[in-house]
Every structure is written in C-alpha cells, then in structure tokens.
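Printed below as a string of structure tokens:
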C-alpha cells in the first residue's frame, strides 16, 4: 500500500533531551491513522515536524512521496490540512470571514467556504463572531479551515480536546466520513485509546518520544486474544505439570494463566489436574482490554 | 509581496478600526497646534511654518512611541490571541508574514506623518502665515519622522509578535515616550543611545530667546547628514536582526 507519510529516524531534542527519538512513522494512503500516546509523549512535536513548524534535530520526513525540506515545504503543504493543538481563528471576525481569509491564503475558490461550512454543520452560525463561538464550534471551524482545498492529507492534533461528549461524538463521526467521501488520509492524535479505537484503521503508539507500536488496529486487537485464568490448591505444581504436558501456561502473582481458550486445551488441563489430585478453586475466561495492552506497551502497569 | 497578500492583511483588520489610531493622534495634534495659534503677531506669522517644524519633532517624541506601540499591538495581537501561527505558517513563509504585517503598520505611520505635514499646511492657510512654505524643511521633517518612526516601529512590531501579553510592548511604548522626551536634556553622546530620542535629533532649528526684543528666536541648524545616514544603516540592520529573531523562533 502506498504511504503518504514516511519518517526516518525523526528526532527532536530540546536542551539535550529527546522529545521525539528515532521515529519511523509510516502512514498508508486512505487510512485513518490513530497516533496514540499519553500527554507529553511527543505527538504534537511530531505533527509540528511533519508540517515543518519545528525543525527536526535529525532524521527526515517524506510527505505524499516527496522529501520535505525548506524549499518545497509550502508547495507540499498545499496538499495538507491541519489542526494543531487548538483551532486558529480571528475572534473579531465571523466564522465565514475567517474561512474566506484562509481560502484566500490557500488560493482556493470562495465557493468552497460554503461547502466546508456545510460539512462541519456551521452554516447557521457562520455570521456570528468567532469569539462568541463555543469550543466545539471553534473546533469545527478549525476542521473546516483544514478541509478547504480538500487536501489529500489531514493532520488533526487532539481534535476532540475540551469537547463535551456530544461534541466528541459529532467530531468523531465527521472524521470517520472523510476518507470515504473525499479520499483523504487522516492522521489523528489522541491520548484516549477508546477514541482511536472507534475511529482508526491503523494505529501508532508513542511513549516518551519512542514509537512502541505501529500496525493495523486489528493487529493491536489480536494482542487482546482471550485466555483462561485459574487458581488451584497447588499453583506451583499445577504450572509445572501443565507446562510439561505442552500447555501454554504462565504463572502470575496469584493465578495461573492458560494462553488459549480452545475447548480441547481446557479439557486436557482439567484432566491433568484431576489425575494429579490438584483441586481447581477458580476458573474464568479473561480478555486483555486495549487499555491493558496500551498500559502494558507504555510500561504503565 | 503581492497586492493580494496586502489586501488579506487589511481584511484581517476589519472591525478593528486601526486607522482611527493615527487619526485620533492627528486630531489631538491639530487641537494642540490650534491652542498656540491665537494672537499671532506679524513676526510670528513670518516664521509660522518654521516654528511648527521646530515643535513637531518634540511632540513626535511624546506621541509616536505610544501611537506606534498601540498600532503594532492591535495588529499583531489578533494573531497572538487566536493562535493563528500554527495555521498561517503552513500556508505562507514566516519572513513574508513578518514583512507584510510590518508594511501594514508602516502605512499607518506614513499616514500619520503625511497628516502631520497636512496640519502644518492647513494652519498656514487658516492663519495666513506670511512665511513661504519651506518645502525642503518639510521633506526633511517627513524623512526624519519616518526614519525614527520605522526604528521604533520595528521594535514594537517584534515585541508585539513575540509577547503573549501585549502589556509588555505597550509599556515599552510608554517608557519610550518618556525616555525620548527626557533624552533631549541628556548630553548629546548619551542622547544618541536612546532609540526614541531620534524623533528630536533632526530638528531644523534650535529655539533661542532674544531678551532685547522679547521674542523667540529660531536659530537654523545644519542637517546632521552623517547622523541621518548612520541611523538609517542602524535601522536597516536592526530590522534585519528583529526579523531574524522572529523567523528563527519555533512554535
């Protein structure tokens, strides 16, 4: 699959400390790439480097198949819409005036202002001063500005930050429709796993500046395959026996974990324990949530 | 820089009424000038323009730093407040953005300086000055006011762009106004170190008092060409430095 963003050993240091370190990002065309990480992990710095707003200490960036440099930055960015950290706006102007200004700077026809106002559902409030907008409306205005020119790539940095649940839902739905409707590739960052889970097709997890996971979302989900948790009258002996008999069993603090939920394995496990007179105290099916995987990957558990 | 880009810059200023700032200061200047135009003798009318040309640089020392601080702050604050840079700098070059904003501010400075000369000529007409219009001195005044104004505007421009809180550039403008005025009383070598003092550095006359005649004497001064060229070079270098600082700053 063609990639629209490719970074190679991308690094940014501030005062000798790496905010982003050797990042090899690969965003396939047409996907919604969820860029996930705790606050301060380096998501915004990475996005700013992708837009040339921050100069990398080392490494390089390719966007839409071309290496990004000082000379071609602005021409390359014409194919990109962005919403970084918080929406940019002129509070003393109306929403429509704001978009008209951006349309002039992007050199796109004024007619598109009307279209993007419709997409983000701001038509009714278009003549209101932006300083009187709610945060959700400002975010939608920011998204509308990013959509002007129908860019091939959209970079959205925490677009649901500060929104109420209804606003989050609305923004999420809006983002999900864009790749199908307009053929856009979207890179969306968030510190909320559930949010990315509901939007993204691909995911990259960054922690303390290092990319610790990058693949399709379903691959991440595979990490959460179910297993059987059990407690016996003699966990040590049971663990030894089951392993000797070829069953994938691990010992955790106070339980045993059978890394399989096939009926045949569960049946065999029961027979082995019964034959050795080891009593079964508790048995339950367990599935690691994405939250667990995320915490495990970021070393927070 | 294209005309289209400049128009976009003015469109951003819609509803801000920035043009009212130089007009308000010109109105204040006009009223001040009017107060000194009563009971003019033939002697006063014979040196009407020259007297005003002697007074205007001193007034500029007081007025201009404050006016330029307000103009720059008002124009730059819209970008600071709305955090528009993260969007703008994906669409346009940082250096061009800096230049275009400066140019819009400079045009207000030009409006004020030309308006100042307009007031001078208007008073000549209203009160019937008998002195011929000193065109060369008027142009010198215009050039000096624009040069000193550009240097101060450069400082206010970069401060307004870099400050999250606009109180910093506004206080700088206020302090500059005091410093500029008081630098007139400093020794010449020290006065030349005060940026805001240059409004008064190119005045065409020195005021003296003729005790015997009981009249104000205007003593012509030789135009300090060397100082003007030196200050021009300084202003250019200072502008380049401020631009470099802004362009180099990461978001």
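Residue numbers (my numbering), protein chains in the order written: chain A, 1105 to 1405; chain B, 5 to 255. Using N, Cα and C, we set each Cβ at its ideal position, and we do this for glycine too. What you are looking at is a predicted structure, and each value in this text was computed from that prediction instead of being measured.
> Whose C-beta lies closer than 7 Å to the C-beta of residue 1243 of chain A among residues of the same chain, with five residues either side of it excluded?
Replying inline: Working through the first chain from its first residue, we reach residue 1243 of chain A at position 139. The residues are 1191, 1263, 1267 and 1275.
>> Using only the alpha-carbon positions, how far apart do residue 1109 of chain A and residue 1398 of chain A sit?
In response: On the first chain, position 5 is the one that residue 1109 of chain A refers to. On the first chain, position 294 is the one that residue 1398 of chain A refers to. Across the structure, residue 1109 of chain A and residue 1398 of chain A are spaced so that their CA atoms are roughly 23 Å apart.
>> For a cutoff of 8 Å on Cβ pairs, would you count residue 12 of chain B as touching chain A?
In response: To locate residue 12 of chain B, count along the second chain from 1; it is residue 8. Among the CB atoms of chain A, one or more fall inside 8 Å of the CB of residue 12 of chain B.
> Got a sec: is the Cβ-Cβ distance from residue 1370 of chain A to anything in chain B below 8 Å?
Replying inline: Here residue 1370 of chain A refers to the residue found at position 266 of the first chain. Chain B, which has no Cβ nearer than 8 Å to the Cβ of residue 1370 of chain A, makes this no.
> Can you tell me whether DSSP reads residue 154 of chain B as helix, strand or coil?
Replying inline: As a first step, residue 154 of chain B is located in the second chain; it is residue number 150 there, counting from the start. If DSSP states are grouped into helix, strand and coil, residue 154 of chain B belongs with the helices.
> How about residue 57 of chain B and residue 208 of chain B: are their beta carbons less than 8 Å apart?
Replying inline: Numbered from 1 along the second chain, position 53 holds the residue referred to as residue 57 of chain B. Numbered from 1 along the second chain, position 204 holds the residue referred to as residue 208 of chain B. Yes, the pair counts as a contact, with Cβ atoms nearer than the cut-off.
> Which residues mark the beginning and the end of the beta strand (DSSP E) in which residue 1116 of chain A is found?
Replying inline: As a position in the first chain, residue 1116 of chain A is number 12, starting the count at 1. Residue 1116 of chain A -> beta strand (DSSP E) spans 1107-1118.
> Using 8 Å as the limit for Cβ to Cβ distance, is residue 59 of chain B near chain A?
Replying inline: In the second chain, the residue the question calls residue 59 of chain B occupies position 55. Residue 59 of chain B does not count as touching chain A.
> Given residue 41 of chain B, which residues of its chain have a CB within under 7 Å of its CB, disregarding the five upstream and five downstream residues?
Replying inline: Start at 1 with the first residue of the second chain, and residue 41 of chain B comes out as number 37. Counting only Cβ-Cβ distances below 7 Å, and skipping sequence neighbours, we find 127 and 131.
> Just how far apart, CA to CA, sit residue 1302 of chain A and residue 1289 of chain A?
Replying inline: In the first chain, the residue the question calls residue 1302 of chain A occupies position 198. In the first chain, the residue the question calls residue 1289 of chain A occupies position 185. Within the model, the alpha-carbon separation for residue 1302 of chain A versus residue 1289 of chain A is close to 16 Å.
> What's the call for residue 1269 of chain A, buried or exposed, on a 16-neighbour Cβ count within 10 Å?
Replying inline: Residue 1269 of chain A sits at position 165 when you count from the first residue of the first chain. By the neighbour-count criterion, in which 16 or more other beta carbons inside 10 Å mark a residue as buried, residue 1269 of chain A falls on the exposed side.
> Bridge partners of residue 1363 of chain A, per DSSP?
Replying inline: Numbered from its first residue, the first chain carries residue 1363 of chain A at position 259. The partner list for residue 1363 of chain A (beta bridge, DSSP) is empty, contrary to what the question assumes.
> Which runs of the alpha helix (DSSP H) spanning at least 4 residues fall entirely within the segment 1195-1266 of chain A, listed in chain order?
Replying inline: You should have 1199-1210, 1215-1223 and 1239-1251.
> Who does residue 213 of chain B pair with in a DSSP beta bridge?
Replying inline: Counting from 1 along the second chain, the entry for residue 213 of chain B is found at position 209. Looking at the DSSP assignment, residue 213 of chain B forms a beta bridge with B:220.
> Nearest-angstrom Cα distance between residue 79 of chain B and residue 1273 of chain A?
Replying inline: Position 75 of the second chain, counted from the first residue, corresponds to residue 79 of chain B. Position 169 of the first chain, counted from the first residue, corresponds to residue 1273 of chain A. Distance from the CA atom of residue 79 of chain B to the CA atom of residue 1273 of chain A, rounded to whole angstroms, is 37 Å.
> What is the rounded straight-line gap between the Cα of residue 1331 of chain A and the Cα of residue 1295 of chain A?
Replying inline: Here residue 1331 of chain A refers to the residue found at position 227 of the first chain. Here residue 1295 of chain A refers to the residue found at position 191 of the first chain. Computed Cα separation, rounded: 28 Å.
>> For chain B, check one thing: does any of its Cβ atoms lie closer than 8 Å to the Cβ of residue 1227 of chain A?
In response: On the first chain, residue 1227 of chain A is found 123 positions in, with the first residue counted as 1. Taking 8 Å as the CB threshold, residue 1227 of chain A stays off the interface with chain B.
> Tell me which same chain residues have a C-beta within less than 7 Å of the C-beta of residue 1389 of chain A, skipping the five on either side of it?
Replying inline: Your numbering for residue 1389 of chain A matches position 285 in the first chain. Cβ within range, chain order: 1330, 1332 and 1365.
> DSSP state of residue 1184 of chain A, grouped into three classes?
Replying inline: Position 80 of the first chain holds residue 1184 of chain A. It is a strand residue.
> What's the call for residue 1200 of chain A, buried or exposed, on a 16-neighbour Cβ count within 10 Å?
Replying inline: Here the question's residue 1200 of chain A lines up with position 96 in the first chain. Result: buried.
> Given a limit of 7 Å on CB to CB distance, which residues of the segment 90-105 of chain B reach chain A?
Replying inline: Answer in chain order: 90, 91, 93, 94, 95, 96 and 97.
> Does the beta-carbon distance from residue 10 of chain B to residue 100 of chain B come in below 8 Å?
Replying inline: Along the second chain, read from residue 1 onward, the residue named residue 10 of chain B stands at position 6. Along the second chain, read from residue 1 onward, the residue named residue 100 of chain B stands at position 96. Taking 8 Å as the cut-off, the beta carbon of residue 10 of chain B is found no closer than this to the beta carbon of residue 100 of chain B.
>> Considering only their Cβ atoms, is the gap separating residue 1234 of chain A from residue 1286 of chain A smaller than 8 Å?
In response: For the purposes of this step, residue 1286 of chain A is taken as the residue at position 182 of the first chain. For the purposes of this step, residue 1234 of chain A is taken as the residue at position 130 of the first chain. No, the pair does not count as a contact, with Cβ atoms beyond the cut-off.
> Helix, strand or coil for residue 1164 of chain A per DSSP?
Replying inline: If you number the first chain from 1, residue 1164 of chain A lands on position 60. Strand at residue 1164 of chain A.
> Taking the continuous alpha helix (DSSP H) assigned at residue 190 of chain B, which residues delimit it?
Replying inline: Translated into the one-based positions of the second chain, residue 190 of chain B becomes position 186. Taken as a continuous stretch (DSSP letters only), residue 190 of chain B belongs to no alpha helix (DSSP H), as it is neither H nor E.
> Counting only runs that start and end within the segment 1260-1330 of chain A, where is the beta strand (DSSP E) found for 3 or more residues in a row?
Replying inline: Those beta strand (DSSP E) runs which fall completely within the segment 1260-1330 of chain A and span 3+ residues are 1289-1294, 1306-1311 and 1314-1320.
>> Contact criterion: CB-CB distance below 8 Å. Does residue 19 of chain B meet it with respect to chain A?
In response: Taking the second chain and counting its residues from 1, one reaches residue 19 of chain B at position 15. Chain A, which has a Cβ nearer than 8 Å to the Cβ of residue 19 of chain B, makes this yes.
> Between the segment 1343-1353 of chain A and the segment 1152-1163 of chain A, do at least 3 Cβ pairs fall closer than 8 Å?
Replying inline: They do not touch, by the three-pair rule.
> What's the call for residue 1261 of chain A, buried or exposed, on a 16-neighbour Cβ count within 10 Å?
Replying inline: Against the first chain, residue 1261 of chain A aligns to sequence position 157. Flag for residue 1261 of chain A reads buried.
> Does DSSP put residue 168 of chain B in a helix, a strand or coil?
Replying inline: Along the second chain, read from residue 1 onward, the residue named residue 168 of chain B stands at position 164. In the structure shown, the three-state DSSP call for residue 168 of chain B is coil.
> How many Å lie between residue 1138 of chain A and residue 1338 of chain A at the Cα?
Replying inline: Position 34 of the first chain, counted from the first residue, corresponds to residue 1138 of chain A. Position 234 of the first chain, counted from the first residue, corresponds to residue 1338 of chain A. Approximately 44 Å between the Cα atoms of the pair.
> Any idea which residues DSSP pairs residue 1332 of chain A with across the strands?
Replying inline: Taking the first chain and counting its residues from 1, one reaches residue 1332 of chain A at position 228. Here residue 1332 of chain A is bridged, per DSSP, to A:1362 and A:1389.
> Hey, out of A:1376, A:1111 and A:1334, whose CA is closest to residue 1124 of chain A's CA?
Replying inline: Stepping through the first chain from its first residue, residue 1124 of chain A is reached at position 20. With distances taken between Cα atoms, residue 1124 of chain A lies closest to A:1111.
> Among residues of its own chain, excluding the 5 on either side of residue 1405 of chain A, which ones have a beta-carbon nearer than 6 Å to its beta-carbon?
Replying inline: The residue given as residue 1405 of chain A occupies position 301 in the first chain. Since pLDDT at residue 1405 of chain A reaches only 48, below the 50 mark, its modelled position is unreliable, and no value is offered.
> Beta-carbon of residue 1158 of chain A versus every beta-carbon of chain B: anything under 8 Å?
Replying inline: Indexing the first chain from 1 puts residue 1158 of chain A at position 54. Contact of residue 1158 of chain A with chain B is assigned, a C-beta pair being separated by under 8 Å.
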